[in-house]
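The structure under discussion appears below in the form of structure tokens.
Protein chains: 2
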Amino acid sequence: MVTIPGRRKRATIHDVAAEAGVSRGTVSRVVNNEPYVSAEARVAIEAAIAKVGYVPNTAARNLVMQRSQAVGLIVHEPHSLFLEDPNIGEILLGANSALSQADYQMVSLVIESERDTERVARYLSGGFVDGVVVVSAREQDPITRVIERLDLPAAFVGHPQDLRDLPYVGINNRAAARAITERLIGTGRSRIGMIAAALDRDSGADRLAGFTDALGDRFDPSLVAPVPLYTYADGRDGMRALLARDPLIDGVFAASDVIAAGALNALREAGRSVPGDVGIVGFDDSAWALRCQPLLSTVRQPANGLGQRAAESVLSQLRGEAPELGGILLDTEIVWRDSA
Amino acid sequence: MVTIPGRRKRATIHDVAAEAGVSRGTVSRVVNNEPYVSAEARVAIEAAIAKVGYVPNTAARNLVMQRSQAVGLIVHEPHSLFLEDPNIGEILLGANSALSQADYQMVSLVIESERDTERVARYLSGGFVDGVVVVSAREQDPITRVIERLDLPAAFVGHPQDLRDLPYVGINNRAAARAITERLIGTGRSRIGMIAAALDRDSGADRLAGFTDALGDRFDPSLVAPVPLYTYADGRDGMRALLARDPLIDGVFAASDVIAAGALNALREAGRSVPGDVGIVGFDDSAWALRCQPLLSTVRQPANGLGQRAAESVLSQLRGEAPELGGILLDTEIVWRDSA
DNA sequence: ACTTACTCTGTGTACGTTCACAGACACTCA
DNA sequence: TGAGTGTCTGTGAACGTACACAGAGTAAGT
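If you read the sequences in order, they're chains A and B.
Note that this note's numbering gives residue 219 to position 219 of the first sequence, counting from 1, and the numbers run on in steps of one.
Count along the second sequence starting at 1, add 1000, and that's the number in this note's numbering.
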């Protein structure tokens, strides 16, 4: 054993037992306040605990009890996103509050490098946590495979496509898209189009479905510009396409904030004012929403709730309940700013 | 032992030994790649490890080795601050990179409630971490006392007044505030005020002191608007208060970027142009500085470096070196952009 | 052939807990 | 008096690993 200089040895349950003149078992009973301990023994042990400054060694306890009473929260984000996406902090606090209530310790683990990935994988394997909440896993994520291999109770916030049987929480894209489109209609716009991105993903397809839901009879398929990805360039291209098809277009639902930012660029280019000539709304309430000029009206995810529900899912699995299949979808909230 | 349904038992070193037809000791040597293992034994054991899916139980390893190879990072912030202050993210990433390099796992623990405090205290006592970095501890913080009692190697980022012998890293808030205020004076402004936040903390108090240092005789106490927290809302309120007191104010030192962002909002609301009518400078050079319109002139705080240095201090204590006394102060840098 | 050195392997013990069990003691009731 | 019941206590085993030690085997040098 490496003795760290200047660091005194920790008192163990044996020291307490010796000090109080009883056995380990009795001390253990007092520490975990179980019944069948005499009043004298109890006070003697409590005095001894205070005297020697005893605190239970949880590592030893975990070893025999086979659990750690801790749940990991893994954040797997590139540097910039981690700092700019306010959702992450919210998710973290939401998870913490749910875990705290159940007397679980949340330990958050940040993955930034390959080295981190390996170390976190070892950490998870090491029995330090009883379960794990994963924020924004990637496709083919090594961590996901470690979780599967260990059968570790887990819940994902947002889900990559290759996530099969693992539970996740997300938002109801369709309902949210419908709601913000209705709000846009409510501002008196009559020719409303959509830049629909990533229709091959469920998020993209659901947002389009919500858009058509809201327009009902007035839905005009020619005013939907499909683009492949959630990128600035695709947003700009989509907006150009819409303007070409209908120069009098006066409302646009962009499938995400980045798309909206690109669209704003195209509108400026075409000499259209926002929100004067055209009202535009985005989706995500990401950092882009506050970077746009004018500030973007958009859909905010209930990030706190996402963290909370994910943590609750892990807790329920820890109680032995089967995880909910198909994912949990939460409702969103409209943030109305200046762009529409 | 509570058997969680559907969760198979983990393979141990014994299982590997049995599978490979060798003893525990040899398996242990392979796992920790020590010398003195025959080539055949090595391959047999590696095959056995893969077959039974063995991963070392770190809890057991810690128990015998008396260390966890993990360092805690405690964030003790009210909800709103945690979300808005980007420095926390930077500190966290800085600490993570230093710890990662030394092959230590960083586990971050969030304290939001009384309940959290107790649980984290137990967690620290439990031997889950070998040391701890504390971000923004409070005065009379129970966590600080736990750390002292356990003789746990620690380093604080920012330091409360009652921190006696524990090492900390921070910035020279007073000198930095003085420098940027002088720069603001240099642009020819004559009625300069300050939105002073969090005066109960040393960071807040020192920034105000630097501001008064710079103004000297010209300091006018009525042009200081004290607000409780580093938040957007408080920045807006502070600016409104300053405008009410002196409509001709033409320069503002905001105690942080978030405060400045809120102040810009209030200025826009009041029809004042920036930097035309009013020059404004912030503090932190956070993501907010680039989100503002116009881009913010501010003080760059080496937040990443703070986390890194704090982590390095803990690591050096872990190597048995004595902690640096008196604290480590890092230099700041003025970033001059468009807002003044 | 005998020491010496080096390589490799297995075993016992320890880390600090919890839990099951066995036993001691006191009290009640037939 | 005896059996039964309830309260309290101590002890051995187990959790899964690392480490020290002992011992076996091989090779080289005298």
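Even for Gly, the Cβ is constructed at its ideal location relative to N, Cα and C.
Computed from a predicted model, the values in this text were never measured in an experiment.
{"Item": "Go through its chain and collect everything with a Cβ distance to Y1168 of chain B's Cβ below 6 Å, but skip five positions before and after it.", "Value": "F1156, H1159, G1327"}
{"Item": "Taking 8 Å as the threshold, find out whether the stretch 246–256 of chain A comes into contact with the stretch 281–295 of chain A through three or more Cβ pairs.", "Value": "yes"}
{"Item": "Distance, Cα to Cα, T1003 of chain B vs V1146 of chain B?", "Value": "Note that T1003 of chain B scores a pLDDT of 35, beneath 50, so its modelled location is shaky and nothing firm can be said."}
{"Item": "How do the stretch 139–154 of chain A and the stretch 296–304 of chain A stand: do at least 3 beta-carbon pairs fall below 8 Å, yes or no?", "Value": "no"}
{"Item": "Residues of chain A with CB closer than 7 Å to the CB of T1298 of chain B, please, in chain order.", "Value": "Going along chain A, no residue has its Cβ under 7 Å from T1298 of chain B, so there is no contact; the nearest lies around 16 Å."}
{"Item": "For a test of the three-state rule: what should DSSP assign to P5 of chain A, helix, strand or coil?", "Value": "With a pLDDT of only 38 at P5 of chain A, under the threshold of 50, the placement of this residue in the model should not be trusted; the figure read from the coordinates follows. Note: P5 of chain A maps to coil in three-state DSSP."}
{"Item": "Pick helix, strand or coil for L1093 of chain B, following the three-state DSSP scheme.", "Value": "helix"}
{"Item": "Residues of the stretch 126–146 of chain A in Cβ contact with chain B at a cutoff of 8 Å, in chain order, please.", "Value": "G126, G127, F128"}
{"Item": "DSSP three-state call for G1193 of chain B: helix, strand or coil?", "Value": "strand"}
{"Item": "Please list the partners that E112 of chain A has in chain B, where partner means a Cβ-to-Cβ separation under 8 Å.", "Value": "L1093, N1096, S1097, S1100"}
{"Item": "Can you say whether V1030 of chain B is buried or exposed, counting buried as having 16 or more other CB atoms within 10 angstroms of its CB?", "Value": "buried"}
{"Item": "Would you kindly check if the distance between the Cβ of V1133 of chain B and the Cβ of A1310 of chain B is under 8 Å?", "Value": "yes"}
{"Item": "Round the Cβ separation of S1028 of chain B and I1049 of chain B to the nearest angstrom and send it over; I've been treating them as touching at under 8 Å.", "Value": "The pair is not a contact, with the Cβ atoms about 12 Å apart (cut-off 8 Å)."}
{"Item": "Say the cut is 7 Å; is the CB of T1058 of chain B nearer than that to a heavy atom of the ligand ADP?", "Value": "Among the components modelled here there is no ligand, and therefore nothing to report on the ligand ADP."}
{"Item": "Compute the distance between the beta-carbons of D1141 of chain B and S100 of chain A, then report whether it is under 8 Å.", "Value": "no"}
{"Item": "Which residue from A:Y232, A:L73, A:F211 puts its Cα closest to that of R183 of chain A?", "Value": "A:F211"}
{"Item": "Against chain A, with Cβ distances strictly below 8 Å, would L1264 of chain B count as a contact?", "Value": "no"}
{"Item": "For E269 of chain A, which of helix, strand or coil comes out of DSSP?", "Value": "helix"}
{"Item": "Could you check what DSSP says for I1171 of chain B in three-state terms: helix, strand or coil?", "Value": "strand"}
{"Item": "Looking at Y123 of chain A and Q1105 of chain B, is the spacing between their C-beta atoms short of 8 Å?", "Value": "yes"}
{"Item": "Grouping DSSP H, G and I as helix and E and B as strand, with all else coil, what is P1228 of chain B?", "Value": "coil"}
{"Item": "To the nearest angstrom, how far is the alpha carbon of G238 of chain A from that of R189 of chain A?", "Value": "19 Å"}
{"Item": "For L1264 of chain B, count the other beta carbons within 10 Å of its own beta carbon; 16 or more makes it buried, fewer makes it exposed. Which is it?", "Value": "buried"}
{"Item": "Which residues in the same chain as D331 of chain A place their Cβ atom closer than 8 Å to its Cβ, once the five residues preceding and following it in sequence are excluded?", "Value": "I171, N172, A175, A176, P302"}
{"Item": "Jot down the residue ranges of each uninterrupted alpha helix (DSSP H) in the stretch 22–68 of chain A, minimum 4 residues, whole runs only, in chain order.", "Value": "24–31, 39–52, 58–65"}
{"Item": "Could you pull out every residue in the same chain whose Cβ sits closer than 7 Å to the Cβ of I334 of chain A, ignoring the five residues on either side in sequence?", "Value": "A179, I180, R183, V299"}
{"Item": "Which residue spans inside the stretch 1287–1313 of chain B form an unbroken alpha helix (DSSP H) run of at least 4?", "Value": "1287–1291"}
{"Item": "In three-state terms, what does DSSP make of H1076 of chain B?", "Value": "strand"}
{"Item": "Could you give the DSSP three-state label for I1328 of chain B: helix, strand or coil?", "Value": "strand"}
{"Item": "Can you tell which of A:L152, A:T26, A:A41 has its C-alpha closest to the C-alpha of V129 of chain A?", "Value": "A:L152"}
{"Item": "So that I know if they touch, is there some Cβ in chain B lying closer than 8 Å to that of A60 of chain A?", "Value": "yes"}
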